[in-house]
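Following our numbering, the numbering of the sequence shown begins with 84 at its first residue and continues without gaps.
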Amino acid sequence: MIPFCPLPSILAVSVMMVALTASTLAAYPFTPAVQKTAKYVPLGVFLGSGEEGVARIGPFQRWLGSTVTVGRTYLPGTHWADIDGPRRMLTAWARWKAADPRRMLVVNVPMITPNEAALPEPVVRSLLRGGAAGAFDVHFRTLAGRLVALGAGDTVIVLGWEMNGATYNGRCAPDPRTWKAYWRRIVATMRSVPGARFRFDFAPTRGRDAIPWTECYPGDDVVDIIGSDSYDQPAGKSFEDFVDEPYGLRAQAEFAAARGKPLSFPEWGLFRNSDNPDYIQGMHDWIMSHDVVYHSISDYCPHGVWACGSNPRSSNLYRELFGGVTAPAPSPSYPAAPATPWTWPTVPPSRPPAAPSSTPSGEPSAEPSAEPSATRPPAPPSPRPPSRPPATARASAGP
């Protein structure tokens, strides 16, 4: 379990990221990257969830010399009202996206709040049942309406990420059947909003963790992308080990290919093997040789290569491999969202619903009330990085 940061979440991430960015800019004077002709896979970086994250993309892009076309952020997950989507935060990211038709917005959305408070399994099961029965529909409908109104109706939604682990309360292991029913209901709810063209990214941690991620998969009709959060851990393992481990990179690629779906890496970075250029090389080669729709490095210590000065060898190689490439014109298969006025939709006021009983009556339906439209051997669990800031700290945003 990731420990909570002693500072308030918004202040904590701002202090951390400002300090890291300032020290990095001072420590790494650089010359412009040499432009080259190479395959471009939509590339992103996590540098903060709110306006500060948007502001840091420009300096990172200048350092890298490649077009950054993926903006990635997390919704805060302390209260149910957070799932509605903080207006200031969503507006900042939607404006960044609207400035270039090549850009893609990726938003991590919790399925349960509080997202990280280590709720007991009976409580998690109760909340999952409430969600599958529709108790929280209003929040996901509100979020969808806000994104559509901002011209971001084609946002990639990383819903209930790392569900195969034990870090977050939106985890699958306490009740996989109900978890899948709840995912299906959320997707149906968000797709029901006029103008919605969301893509939903199913993104477990690489490997088995607390439960095989295949046991959590909710169905091809409610998943558009097969993702993986992939960090360089545990210590002493090679990149080839991460490819071949049960439920590892090869398993992800084969699972997606069998369903005709692309891959993603919403989070990846260094970790237990410290400054490890071999991991950077391995991820680059894997991304370039597979059908990856986007990837995004977590650029804070110990994982990062720009805002973290602890990994100079990996930083140099990351810039050499991923730098100097200009993104092509937008693909006609994913057209840019049409411009819409900067107004908010009329939606019911968001109120946290009453918590479901710990012993709910009856089983939830395995299917949502609205049918979503169609879209195209275990290993020991690997612990989540204890030094990563919690998602509540990563998700800094105004009201």
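Ideal placement from N, C-alpha and C gives every residue a C-beta, glycine not left out. Fair warning: this is a prediction, and the values are worked out from it, not measured in the lab.
For residue i, does the three-state DSSP call read helix, strand or coil?
i      : result
Pro142 : helix
Val207 : helix
Gly127 : strand
Leu80  : Outside the shown range of the chain, which is 84 to 482, sits residue 80, and nothing can be said about it.
Thr288 : strand
Leu346 : strand
Thr114 : coil
Ile166 : helix
Pro360 : helix
Trp296 : helix
Glu134 : helix
Gly365 : helix
Ala215 : helix
Leu147 : helix
Ala279 : coil
Have a look at the DSSP bridge pairing and note the partners of residue i.
i      : result
Ser313 : Trp351
Met187 : Val153
Val192 : Leu242
Ile45  : Shown here, the chain extends from 84 to 482; a query on residue 45 therefore has no answer.
Thr250 : According to DSSP, Thr250 bridges with nothing at all.
Note down, in chain order, each residue of its chain lying with its Cβ closer than 8 Å to the Cβ of residue i, except the 5 sequence neighbours on either side.
i      : result
Pro259 : Ile294, Glu298, Cys299
Asp167 : His222, Thr225, Leu226, Arg229, Ser433
Ile140 : Val128, Leu130, Val151, Gly154, Trp179
Leu346 : Ile308, Ile309, Gly310, Ser311, Gln335, Ala336, Ala339, His373, Asp374, Val375, Val376
Asp486 : No information on residue 486 is available, as it lies outside the stretch 84 to 482 that the chain covers here.
Asp327 : Arg333
Within the continuous beta strand (DSSP E) that includes residue i, where are the two ends?
i      : result
His378 : 375-381
Asp284 : 282-285
Rounded to a whole number of angstroms, what is the C-alpha to C-alpha distance between residue i and residue j?
i      : j      : result
Arg186 : Arg178 : 11 Å
Thr152 : Gln335 : 24 Å
Pro203 : Trp146 : 44 Å
Trp427 : Val241 : Any reading at Trp427 is ruled out, since the residue's pLDDT is 39, under 50, leaving its predicted position unreliable.
Pro159 : Gly278 : 24 Å
Gly127 : Phe143 : 10 Å
Thr156 : Ala121 : 27 Å
Asn252 : Ala410 : 37 Å
Trp296 : Pro205 : 21 Å
Ser357 : Val189 : 27 Å
Asp382 : Glu350 : 10 Å
Asn394 : Ala235 : 35 Å
Phe322 : Arg268 : 37 Å
Phe405 : Ala340 : 25 Å
Ala271 : Gly290 : 28 Å
Thr196 : Pro385 : 27 Å
Asp183 : Thr114 : 25 Å
Thr161 : Asp284 : 22 Å
Ile363 : Tyr401 : 6 Å
Thr238 : Gly392 : 32 Å
Gly33  : Met246 : The structure shown does not extend to residue 33, since the chain spans only 84 to 482, so no value can be given for it.
Glu199 : Asp165 : 13 Å
Pro86  : Asn399 : Since pLDDT at Pro86 reaches only 32, below the 50 mark, its modelled position is unreliable, and no value is offered.
Ala201 : Val305 : 27 Å
Ala175 : Asn191 : 16 Å
Trp389 : Met366 : 17 Å
Gly319 : Ala249 : 23 Å
Gln274 : Phe281 : Here residue 274 is Arg; the residue named in the question, Gln, does not match the sequence. Roughly 7 Å between the two C-alpha positions.
Pro413 : Lys344 : 19 Å
Asp368 : Gly217 : 43 Å
Near residue i, which residues of its chain fall below 7 Å by C-beta distance, leaving aside the five closest residues on each side in sequence?
i      : result
Asp303 : Arg342
Asn359 : Asp315, Leu353, Ser397
Gly407 : Ala116, Val117, Gln118, Lys119, Gly148, Ser149
Along the chain, where does the alpha helix (DSSP H) that runs through residue i open and close?
i      : result
Val231 : 220-232
Val305 : Element bounds for Val305: n/a, residue is neither H nor E.
Lys122 : Careful: Lys122 lies outside any alpha helix (DSSP H) and carries neither H nor E.
Lys263 : 259-274
Glu403 : 395-405
Arg171 : 170-181
Leu332 : 332-341
Val326 : 322-327
Just to confirm my understanding: we take residue i, look at its own chain, exclude 5 residues before and 5 after, and list those with CB closer than 6 Å. What are they?
i      : result
Arg208 : Pro257, Asp258
Ile370 : Val124, His378
Ala181 : Gly234
Met194 : Gly243, Gly253
Asp220 : Thr272
Val137 : Ala175, Trp179
Trp266 : Pro301
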